[in-house]
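**Q** Converting from the sequence shown to the numbering used here requires adding 2 to each position, the first position being numbered 1.
Structure incoming, see below.
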Amino acid sequence: MKAGIVGLPNVGKSTLFNCLSNAKAQSANFPFCTIEPNIGVVNVPDPRINKLEELVKPERVQMATVDIVDIAGLVKGASKGEGLGNQFLGNIRECNAIIHVLRCFDNDNIVHVDGNVNPIRDKETIDIELQLKDLETIEKRLEKVKRAAKTGNKEAQAEEALLNRIREALLQAKSARTVVPQNNDEEVLMESFQLITGKPVLYVCNVDESSAVSGNKYVDQVRELVKDEDAEVIVLSVGAEADITELESYEERQVFLEDMGLEEPGASVLIRAAYKLLKQQTYFTAGVKEVRAWTIPIGATAPQAAGVIHTDFEKGFIRAEVISYDDYVQYGSEAKAKEAGKFRVEGKEYVVKDGDVMHFRFNV
């Protein structure tokens, strides 16, 4: 599962990517600096794993991760191949969610491709290009489906009706994600269309350091614009975040954050938001060899969760032994949680909860 960082050139995408991944993507003050998408595997900050480490004292700790992709800047006309249009749009299509970076700071030394700072216009530029590309996809599919629908094929007729609803939304400059599937069949179809504007999105307002805590007029404009989109808005000073990552010690970073009025780096907030946007959650295994966070889709069953460790665990699944994270921490160890009756045995139908501490029994 991958989240792609998108935006116009020079809004801070590559600098943000560097902060998130510590991979040093090239960052420069001109468009099209990023040509190939950079992919970073990023640890998901989670204080729960620190607590489990403290209690279990394992030999090693493995955090959950999320893949972040730095995609080059889009420009007007990308849907028609302007800039490096088609390649970029293909990179976005391969991602499961979108992190849309908007420039919300004034700085005469950093060029803006459209001449001045206006996050509303910038958002609309990107939205329109993505919507135009989706419209092209929908119209091609409609051509094929209409022929089958005319013969009385019920599935084709249902698909045609959904395609027409999406087409209507796109023509009104609305993204495909605003079209709500009316049943399971439509959900499956929507997934199969692989529409760029159907992907979940969160907005990152890149502000100057003084606006990192409470935002500014540009952030207010963005919040007002997206209030009906069911999308999260995160305020981040990418320049300050870059400075934080350069500091050697934890103590130095904490002093810097305190001076800014922040409790933790904005990058940590963003990584957790991206994880949530991808509909992922975490369960833990905790033993003296290793404490580990495992990533599973929200709604995964116990055998599916076991399969993340090894496919044999899923094939030969017998049962899961489960202690909730809160109970584990309250009683301080697996043994004491068992004594208190907080140890559960769950079968194949069990839906894993975020934070469960689990062991699996299997037989292959």
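All C-beta atoms, glycine included, are put in the ideal place defined by N, C-alpha and C.
Just so you know, these numbers come straight off a predicted model, no measurement behind them.
1) Assuming Tyr205 and Val224 make a contact with CB atoms under 8 Å, what is their CB distance in whole Å?
2) Tell me, to the nearest whole angstrom, how far the beta carbon of Ala339 is from that of Asp329; I am working on the premise that it is less than 8 Å.
3) Under a three-way DSSP split, which group does Cys21 fall into?
4) Give the range of the alpha helix (DSSP H) segment to which Arg179 is assigned.
5) Taking the DSSP output, what are the residues bridged to Glu348?
6) Can you name, in chain order, every residue of its own chain whose Cβ lies under 7 Å from the Cβ of Ser270, other than the five neighbours on each side?
7) Would you kindly work out how many angstroms separate the C-alpha atoms of Leu57 and Phe286, rounded to a whole number?
8) Only counting the same chain, and skipping five residues up and downstream in sequence, which positions put a Cβ closer than 7 Å to that of Ile198?
9) Whole angstroms is fine: what's the gap from Glu316's alpha carbon to Leu104's?
10) DSSP on Gly87, reduced to helix/strand/coil?
11) Under DSSP, the alpha helix (DSSP H) around Gly268 begins and ends at which residues?
12) Can you check whether the CB of Gly268 is closer than 8 Å to the CB of Ser367?
13) For Thr153, does the count of other Cβ atoms within 10 angstroms reach 16, so buried, or fall short, so exposed?
14) With Lys146 as the anchor, note down where its alpha helix (DSSP H) starts and where it stops.
15) Taking all protein chains shown into account, do 16 or more other C-beta atoms lie within 10 angstroms of the C-beta of Ala342, making it buried, or fewer, making it exposed?
16) Considering Cα atoms alone, identify which of Asn365, Ile130, Val293 is closest to Ser335.
17) For the region 50–68 against the region 270–282, do three or more pairs of beta-carbon atoms, one drawn from each stretch, fall closer than 8 Å, so that the two count as touching?
18) Measuring straight from C-alpha to C-alpha, what distance separates Ala295 and Asp314?
19) Ignore the nearest five residues each way along the sequence and tell me which others in Glu348's own chain have a CB closer than 6 Å to its CB.
20) Would DSSP call Met65 helix, strand or coil?
21) Are Cys106 and Tyr220 closer than 8 Å when you measure CB to CB?
**A** Taking the structure as given:
1) 6 Å
2) 5 Å
3) helix
4) Note, Arg179: premise wrong, no alpha helix (DSSP H); not H, not E.
5) Ala322
6) Pro47
7) 13 Å
8) Leu91, Ile94, Arg95, Leu132, Lys135, Asp136
9) 42 Å
10) Summary for Gly87: the model assigns pLDDT 47, below 50, so the residue's position carries little reliability, and this model does not support an answer.
11) 268–279
12) Outside the displayed range of the chain (3 to 366) lies residue 367, so it cannot be described from this structure.
13) exposed
14) 121–152
15) exposed
16) Val293
17) yes
18) 19 Å
19) Ala304, Ala322, Val324
20) coil
21) yes
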